[in-house]
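Down below is the structure, laid out as structure tokens.
Protein chains in written order, with my numbering: chain A, 4 to 213; chain B, 4 to 213.
This is the structure in structure tokens:
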């Protein structure tokens, strides 16, 4: 069944998860597709259609049970567990990512850090000791690492990605502003604020701003 | 014409821009839809269809002129100029964003920074002096600021966004992991690595990883 879910719907599921987490914190028992639509800036019909891919959660006229829907979404997205991640590149950007407090509480823990600079090796950033890249394969295996984070300069990004792929990593979060190549069975997601900015300037420029 | 471009195509244009910028740096004169497809992990047919929304760039069998296509894409996306941005929140995350060297060279310059903590006001981060939030409206006007960046804790995010909207800002880059509300004429883009991670765990979990 899950193979039939359109990719565009999958991309929206984390947004549902986030709003439902907020609603649970607000002790909301049920939520209507109207309310979800208002909070997510989508139509209620779109919400109902998206959620219908995952079975019957809502009762006609009664709305969705927040706790049940949240549990189901967590399972569908595979976030009802902790994922271990390794970061490559512990420069300014890498340190900021290691320092960013919003990953571990949400189930994504950076358990290992790597750098090609021998002067960095052995140093500690937070709770993680920086290792030589040569130790990546062993650490991936021993620490059960599923996800790689790339925070190296653009010129080193493809090499870092190839290292992760060579170690069997199937999911990569890439902060380097490059267009990397990965095999078909490897997922890669870009975190590049400039890409996000450029989709907005497309719309901004037609507003006749200076 | 531009109003007919599907949003999903607009979201891909920055990826085209990025790969073409790399190709120009490599002194490539022309590029085929096959090559673009291989670098972007898309089919050549999809590439040709996307680019056909913007007129006839490619010559049958000759490929696309990199320089011409790049110039056109820059114009379409509105990035053939410098955009001024203001950041709200100069904590750990805000400082990392101000410190991130990849924005200004790509046409997005943070020219002002704001914080509600009076102890921060007057301090300098890089070239920018932190201002009191009360000065936002004036600064937006005087510095020609088009884009706001929100880097405050989640609990303060909606308030920061409301401030920006109240000052006439129509494009917001939001780093706070919340589901903010904005008027229909305001664009907001989220930079939340956890959203990107969660779309990958959906696929990872079916690989039978531990």
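For every residue, glycine included, the Cβ atom is placed at its ideal position computed from N, Cα and C.
Between residue 171 of chain A and the ligand MG, is there a pair consisting of the residue's CB and a ligand heavy atom that are separated by less than 7 Å? The ligand MG is absent from the structure shown, which contains no ligands of any kind.
Count Cβ pairs between the segment 184-197 of chain B and the segment 125-136 of chain B that sit closer than 8 Å; are there 3 or more? no
Tell me whether residue 103 of chain B sits in a helix, a strand or coil according to DSSP, three-state version. coil
Terminal residues of the beta strand (DSSP E) in which residue 151 of chain A lies: 150-153
Are three or more beta carbon pairs between the segment 192-208 of chain A and the segment 7-24 of chain B nearer than 8 Å? yes
State yes or no: is the C-beta of residue 66 of chain A within less than 8 Å of the C-beta of residue 205 of chain B? no
In the DSSP assignment, find the unbroken beta strand (DSSP E) run with residue 193 of chain B in it and report its ends. 190-193
Kindly list, in the order they appear in chain B, the residues whose Cβ is closer than 8 Å to that of residue 79 of chain A. 205
Proximal residues to residue 26 of chain A (C-beta, below 7 Å), its chain only, five neighbours per side dropped: 34, 69
Can you tell me where the alpha helix (DSSP H) holding residue 141 of chain A begins and where it ends? 139-145
Can you grab the Cα-Cα spacing for the pair residue 103 of chain A / residue 95 of chain B, in whole Å? 8 Å
Quick check on the burial criterion: 16 or more other C-beta atoms within 10 angstroms. Buried or exposed for residue 5 of chain B? Residue confidence is low: residue 5 of chain B scores 47 on pLDDT, short of 50, so the model does not pin down where it sits. Its coordinate-derived value is still stated next. Exposed: under 16 other Cβ atoms inside 10 Å.
Excluding sequence positions up to five away, which residues of its chain have a Cβ less than 6 Å from the Cβ of residue 227 of chain B? The displayed coordinates of chain B run from 4 to 213. Any statement about residue 227 of chain B would go beyond what the structure contains.
Could you check what DSSP says for residue 209 of chain B in three-state terms: helix, strand or coil? helix
Does residue 9 of chain A have its Cβ less than 8 Å from a Cβ in chain B? no
Within 10 angstroms of its Cβ, does residue 208 of chain A collect 16 or more other Cβ (buried), or is it exposed? buried
CB of residue 171 of chain A within 8 Å of CB of residue 131 of chain A, strictly: no
Determine, for residue 180 of chain A, whether the minimum Cβ-Cβ distance to residues of chain B falls below 8 Å. yes
Among the residues of its own chain, which have a CB less than 6 Å from the CB of residue 89 of chain B, if the five just before and after it don't count? 115, 148, 151
Do residue 154 of chain A and residue 113 of chain A have their C-beta atoms within less than 8 Å of each other? no
Quick one, which residues of the segment 122-135 of chain B are near chain A if we go by CB-CB under 8 Å, in chain order? none
Per-residue contacts from residue 3 of chain A into chain B (C-beta, under 7 Å): Summary: the structure shown does not reach residue 3 of chain A, with chain A confined to residues 4 through 213, and so no result is reported for it.
Can a CB atom of chain B be found closer than 8 Å to the CB of residue 95 of chain A? yes
CB-CB length for residue 136 of chain B against residue 111 of chain B, believed under 8 Å: Their Cβ separation, rounded to whole angstroms, is 21 Å, which puts residue 136 of chain B and residue 111 of chain B out of contact at 8 Å.
Out of B:180, B:108, B:49, state which residue places its alpha-carbon closest to the alpha-carbon of residue 106 of chain A. B:180
Using only the alpha-carbon positions, how far apart do residue 16 of chain A and residue 76 of chain A sit? 7 Å
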